[in-house]
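Letter by letter, the sequence shown follows residues 0 to 183 of numbering that gives the first Met the number 0.
All C-beta atoms, glycine included, are put in the ideal place defined by N, C-alpha and C.
Quantities reported herein were computed from a predicted structural model and do not represent experimental measurements.
Inspection log for the structure reproduced underneath, given as structure tokens.
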Amino acid sequence: MRPDGRYTLIRPVFFVGFMGAGKTSVARRLARNLGLSSVDADTLLSRRLGVAAGEYIRQYGESAFRVEEARLLGELATWDPAFISCGGGVIATPANVELLRAQMVVYLEVSADEARRRIADVSSRPLFGNIVQARALAAARAPLYEQVASVRVQTVGKPVPVLAREVQDILEREGVLCQQPKSS
Ligand code: S3P
């Protein structure tokens, strides 16, 4: 689908939510639909660290990963506006919560049980653990996601294109995403 006109993002849009919420897929889909850019923080981080996020956590521990993640988030906030998908634990670092509270943040909501159904290979997410641990982690994180959220979007039963459209409508309403009509 080609955009009807040129879209502009006025400020960066950060996607947060538990593992499996669809942050990367929705950010990517929006960018593709609108002819804009998306950045996946974990992918960028993995490139910099030389290993996947999960592998880095396994080798060096969660705290070491959080330091690198926070450094990258600080950088991303200064880049040209884009759709930025964050790792699910970005809100575990208090400085990130502070930063995100001042940004446009879309919270994609998903339960741990639904996330487990969506994630094909949980071994790539060492912090997911078993379902009991994942439920506890999701419950502990929920208030932090809520704290940073500018908007909350429930994801259950909604395919990625539907979610992308829903977020697009919200961002246009909020004046974060603008469309310049074609002149011809
Ligand atoms: C994490 C989520 C992962 C990744 C890392 C830690 C977490 O990203 O950053 O494994 O603590 O929730 P996704 O949310 O994209 O799976």
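Close to the ligand S3P, as judged by a C-beta nearer than 5 Å to any of its heavy atoms, are the residues M18, D41, A52, G53, G86, G87, G88, R124, L126, in chain order. Beta-carbon to beta-carbon, I83 and F17 are separated by about 17 Å, too far to satisfy the 8 Å threshold. V166 and V105 have their C-alpha atoms some 8 Å from each other.
As a beta-bridge residue in DSSP terms, V38 pairs with I83.
Between A163 and R28, the C-beta spacing is below 9 Å. Each residue's CA atom was taken as its position, placing G53 and L170 some 31 Å apart.
Within the stretch 103-143, the alpha helix (DSSP H) runs of at least 4 residues that lie entirely inside it are, in chain order, 111-117. With respect to the C-alpha of I90, the residue from Y144, M103, V152, Q58 having the closest C-alpha is Y144. Counting every other CB atom within 10 Å of its CB across the protein chains shown gives G174 a total below 16, marking it as exposed. If you look at R70, you'll find it isn't in any beta strand (DSSP E); it sits in the alpha helix (DSSP H) that goes 61-75.
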